[in-house]
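Undergrad: Take a look at this one; I'll ask things after.
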Amino acid sequence: MAVVRDGTGTVAIVRAYWSQVHPVFMLPPLAASLFGVILAGTLEVGLAATHLGAIFAAVYTAHVKDGYVDFHVRGEDDDHPLTERGCRIGLVLSTSTFAACCLALFAFVDWIAVALTVPTWIIAYFHAPQLDTNPLSATTGYPLGIALSLLGGFYVQAGTLALVPVGFALVFLVLLSGIKVIDDAQDYEYDRSIRKRTVAVALGRQRADGVAYSLLISALLLVVGFAAARVFPPSAMLAALAFAAVAVFARRASPDIATMLLIRGSYVFLAVLVFAVWFEPLAGLL
Numbered sequence: 055m056a057v058v059r060d061g062t063g064t065v066a067i068v069r070a071y072w073s074q075v076h077p078v079f080m081l082p083p084l085a086a087s088l089f090g091v092i093l094a095g096t097l098e099v100g101l102a103a104t105h106l107g108a109i110f111a112a113v114y115t116a117h118v119k120d121g122y123v124d125f126h127v128r129g130e131d132d133d134h135p136l137t138e139r140g141c142r143i144g145l146v147l148s149t150s151t152f153a154a155c156c157l158a159l160f161a162f163v164d165w166i167a168v169a170l171t172v173p174t175w176i177i178a179y180f181h182a183p184q185l186d187t188n189p190l191s192a193t194t195g196y197p198l199g200i201a202l203s204l205l206g207g208f209y210v211q212a213g214t215l216a217l218v219p220v221g222f223a224l225v226f227l228v229l230l231s232g233i234k235v236i237d238d239a240q241d242y243e244y245d246r247s248i249r250k251r252t253v254a255v256a257l258g259r260q261r262a263d264g265v266a267y268s269l270l271i272s273a274l275l276l277v278v279g280f281a282a283a284r285v286f287p288p289s290a291m292l293a294a295l296a297f298a299a300v301a302v303f304a305r306r307a308s309p310d311i312a313t314m315l316l317i318r319g320s321y322v323f324l325a326v327l328v329f330a331v332w333f334e335p336l337a338g339l340l
């Protein structure tokens, strides 16, 4: 039985499976894992690579499962490169890779490292069609996965948790949940037609917009509060200012443009946080 819908041969198969790698959505969880390493202040390359492998496998699982559900089950998508069998093989391979990474983390770190990592696969696999039909889980699934990636990246290096990574994980959870609410508003009409209960469908576009920006503001205030309490380096406030500038422009844009701006703004936010933690440029001034 075929595993790809168009084409034959090894090249077609590789191309079809490679198409399930979506850098825009994969890079933030991987970057969060590396940010956890930076916060830990130590680097065991093998452990970092193992955790990155687990996170990559989890997000890949989400993409293959979402594609399978949206095309083969719900009929939402117009096309998909993999057949049903191809999707199942992809899920087996990604899940096996994830399991192997978790076994390595258990052997070389401990069970807590595994406990922080396994939920990322659970969120990924059950996002569709279970978690994406509830406003809360549809909104927080991806952000929670990123928060867990950060905590796991820190833990596999430090062997413990601390207030700093927990604080950053909380900030990312709140910030990215706000972006997700705006992202889901792009599909308001369609989601409403199939009774898919995103925040926009449950509350209406205008109220959902208010919820989204309330979450974004709350995340930035958390950064300022943690910086004022010296949990974060004072220069972390620069990240809040940078993202706030992007949010001002996004506030007046359509949902699709706002999502594009805010996602890229979140990359800038993370980059400035990395700079702030690594170099602490304002440490001698405040």
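Letter 181 of the sequence shown, counting from 1, is numbered 235 in my numbering, and no numbers are missing.
Glycine residues also receive a C-beta, built at the ideal position from the N, C-alpha and C atoms.
Only a predicted model underlies this, so the values are computations on that prediction, with no experimental measurement involved.
Measuring CB atoms only, is the stretch 80-97 touching the stretch 313-329, in the sense that at least three cross pairs come out at less than 8 angstroms?
TA: yes
Undergrad: Should residue 255 and residue 197 be called a contact, given that it needs their Cβ atoms to be closer than 9 angstroms?
TA: In the sequence shown, counting from the first residue as 1, residue 255 sits at position 201. In the sequence shown, counting from the first residue as 1, residue 197 sits at position 143. Their beta carbons are not under 9 angstroms apart, which means residue 255 does not touch residue 197 by this criterion.
Undergrad: Please report the Cβ distance between residue 155 and residue 115, rounded to the nearest whole angstrom; I am assuming they are in contact, meaning their Cβ atoms lie under 8 angstroms.
TA: Taking the sequence shown and counting its residues from 1, the one referred to as residue 155 is at position 101. Taking the sequence shown and counting its residues from 1, the one referred to as residue 115 is at position 61. Residue 155 to residue 115, Cβ: 12 angstroms. No contact.
Undergrad: Rounding to the nearest angstrom, what Cα-Cα distance links residue 284 and residue 298 in this structure?
TA: Here the question's residue 284 lines up with position 230 in the sequence shown. Here the question's residue 298 lines up with position 244 in the sequence shown. Answer to the nearest angstrom: the Cα atoms are 21 angstroms apart.
Undergrad: In angstroms, rounded to a whole number, what distance separates the CA positions of residue 251 and residue 310?
TA: Numbered from 1 along the sequence shown, position 197 holds the residue referred to as residue 251. Numbered from 1 along the sequence shown, position 256 holds the residue referred to as residue 310. Rounded to whole angstroms, residue 251 to residue 310 spans 19 angstroms at the Cα level.
Undergrad: State buried or exposed for residue 332, treating a residue as buried only when at least 16 other CB atoms are found within 10 Å of its CB.
TA: Position 278 of the sequence shown, counted from the first residue, corresponds to residue 332. Residue environment for residue 332: exposed (fewer than 16 other C-beta atoms within 10 angstroms of its C-beta).
Undergrad: Out of curiosity, what's the CA-to-CA distance linking residue 338 and residue 147?
TA: For the purposes of this step, residue 338 is taken as residue 284 along the sequence shown, with counting starting at 1. For the purposes of this step, residue 147 is taken as residue 93 along the sequence shown, with counting starting at 1. Reliability fails at residue 338, whose pLDDT of 47 lies under 50, so the model's placement of it is uncertain and the value that follows must be treated cautiously. Each residue's alpha carbon lies about 50 angstroms from the other.
Undergrad: Note down, in chain order, each residue of its chain lying with its Cβ closer than 8 angstroms to the Cβ of residue 136, except the 5 sequence neighbours on either side.
TA: Along the sequence shown, one-based indexing puts residue 136 at 82. Closer than 8 angstroms at the Cβ level, and outside the excluded window around residue 136, lie 57, 58, 59, 70, 71, 74, 118, 121, 122, 144.
Undergrad: How about residue 219 and residue 97: are their beta carbons less than 9 angstroms apart?
TA: Within the sequence shown, numbered from 1, the residue matching residue 219 stands at position 165. Within the sequence shown, numbered from 1, the residue matching residue 97 stands at position 43. No, the Cβ-Cβ distance between residue 219 and residue 97 is not below 9 angstroms.
Undergrad: From residue 226 to residue 100, what does the alpha carbon distance come to, in whole angstroms?
TA: For the purposes of this step, residue 226 is identified with residue 172 of the sequence shown, where counting begins at 1. For the purposes of this step, residue 100 is identified with residue 46 of the sequence shown, where counting begins at 1. Spanning the two alpha carbons is a distance of roughly 26 angstroms.
Undergrad: Roughly how many whole angstroms lie between the Cα atoms of residue 68 and residue 141?
TA: Start at 1 with the first residue of the sequence shown, and residue 68 comes out as number 14. Start at 1 with the first residue of the sequence shown, and residue 141 comes out as number 87. One C-alpha to the other measures close to 13 angstroms.
Undergrad: Looking at the structure shown, is residue 88 part of a helix, part of a strand, or coil, going by DSSP?
TA: For this step, residue 88 is matched to residue 34 along the sequence shown. Residue 88: helix per DSSP, three-state reduction.
Undergrad: Can you tell which of 263, 230, 274, 223 has the C-alpha that lies nearest to the C-alpha of residue 242?
TA: Here residue 242 refers to the residue found at position 188 of the sequence shown. Of the listed residues, the one whose Cα sits closest to residue 242 is 263.
Undergrad: For the stretch 198-212 against the stretch 162-179, are there 3 or more C-beta pairs whose distance is under 8 angstroms?
TA: Result yes; three or more Cβ-Cβ pairs closer than 8 angstroms.
Undergrad: Consider the C-beta atom of residue 211 and the heavy atoms of the ligand ZN; say whether any pair is separated by less than 8 angstroms.
TA: Ligands in the displayed structure: none, and consequently the ligand ZN is not present.
Undergrad: Could you have a look at residue 136 and say whether DSSP puts it in helix, strand or coil?
TA: Taking the first residue of the sequence shown as 1, we reach residue 136 at position 82. In the structure shown, residue 136 sits in a strand (DSSP, three-state: E or B).
Undergrad: State the Cα-Cα distance for the pair residue 303 and residue 62, rounded to the nearest angstrom.
TA: For the purposes of this step, residue 303 is taken as residue 249 along the sequence shown, with counting starting at 1. For the purposes of this step, residue 62 is taken as residue 8 along the sequence shown, with counting starting at 1. Cα to Cα, residue 303 sits roughly 46 angstroms from residue 62.
Undergrad: Could you tell me which of 301, 274, 111 sits nearest to residue 290, measuring between CA atoms?
TA: Within the sequence shown, residue 290 is the residue found at index 236, counting from 1. It is 274 whose Cα lies nearest to the Cα of residue 290.
Undergrad: Out of curiosity, what's the CA-to-CA distance linking residue 271 and residue 113?
TA: Counted from its first residue, the sequence shown places residue 271 at position 217. Counted from its first residue, the sequence shown places residue 113 at position 59. Taking the straight line from one Cα to the other gives about 27 angstroms.
Undergrad: Rounded to the nearest angstrom, what separates residue 244 and residue 214 at their Cα positions?
TA: Here residue 244 corresponds to residue number 190 of the sequence shown, with the count starting at 1. Here residue 214 corresponds to residue number 160 of the sequence shown, with the count starting at 1. Going from the Cα of residue 244 to the Cα of residue 214 covers about 44 angstroms.
Undergrad: Checking the sheet assignment: what are the DSSP bridge partners for residue 210?
TA: Reading the sequence shown from its first residue, position 156 is the one you call residue 210. Residue 210 is not bridged to any residue.
Undergrad: Using a threshold of 9 angstroms, state whether the C-beta atoms of residue 301 and residue 316 are closer than that.
TA: On the sequence shown, position 247 is the one that residue 301 refers to. On the sequence shown, position 262 is the one that residue 316 refers to. Contact flag set, yes.
Undergrad: So if DSSP puts residue 58 in a beta bridge, which residue, or which two residues, is it bridged to?
TA: In the sequence shown, residue 58 corresponds to position 4, counting from 1. Looking at the DSSP assignment, residue 58 forms a beta bridge with 136.
Undergrad: List in chain order: all unbroken alpha helix (DSSP H) runs of 4+ residues lying wholly within the stretch 94-162.
TA: 99-121, 138-162
Undergrad: Since residue 320 and residue 230 are thought to touch, with beta carbons under 8 angstroms apart, how far apart are those beta carbons, to the nearest angstrom?
TA: As a working note, residue 320 is residue 266 in the sequence shown. As a working note, residue 230 is residue 176 in the sequence shown. The Cβ separation is near 7 angstroms, so the contact holds.
Undergrad: Taking the Cβ atom as the reference point for each residue, do residue 84 and residue 110 lie within a distance shorter than 9 angstroms?
TA: The residue given as residue 84 occupies position 30 in the sequence shown. The residue given as residue 110 occupies position 56 in the sequence shown. Cβ atoms of residue 84 and residue 110: closer than 9 angstroms.
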